[in-house]
Amino acid sequence: MKQLIIILGLLAFGSIFSGLIFDLPYSEKLIGFGVVGLFLVVFPIFSYYRWKNKDPKDYMLTKENLEKMREKEGDERKL
Numbered sequence: 070m071k072q073l074i075i076i077l078g079l080l081a082f083g084s085i086f087s088g089l090i091f092d093l094p095y096s097e098k099l100i101g102f103g104v105v106g107l108f109l110v111v112f113p114i115f116s117y118y119r120w121k122n123k124d125p126k127d128y129m130l131t132k133e134n135l136e137k138m139r140e141k142e143g144d145e146r147k148l
């Protein structure tokens, strides 16, 4: 999965940079396809890969998480 993300990212960035560098009649399309590929293909795959085994509730500011943060901050001040 990691190699797929890297390959697709390099292809998207390569398309963008080749559209910017080379003066071709379809260079704007290269830039557009690179941006679309990056944001509609690479980013969702990367997000899924990074978040597939994690619970989003651990990263939300709920009462329980705020209390844990306050307790942890109090413990660090005692040291």
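Numbering (this note's numbering), first residue to last: 70 to 148. Idealized CB from N, CA, C, for every residue including glycine.
Exercise. Under 9 Å between the Cβ atoms of G106 and S84?
Worked result: yes
Problem set entry | Coarse secondary structure for N134, derived from DSSP in three states | helix
Problem set entry | Touching by the beta-carbon criterion (3+ pairs, under 8 Å), the stretch 74-81 and the stretch 108-122 | Touching, yes, given that three or more Cβ pairs across the two stretches are closer than 8 Å.
Problem set entry | Expected contact under 8 Å - CB spacing of Y118 and I76 to nearest Å | Wrong, their Cβ atoms sit about 13 Å apart, outside the cutoff.
Problem set entry | C-alpha distance - L93 paired with N122, whole-angstrom precision | 44 Å
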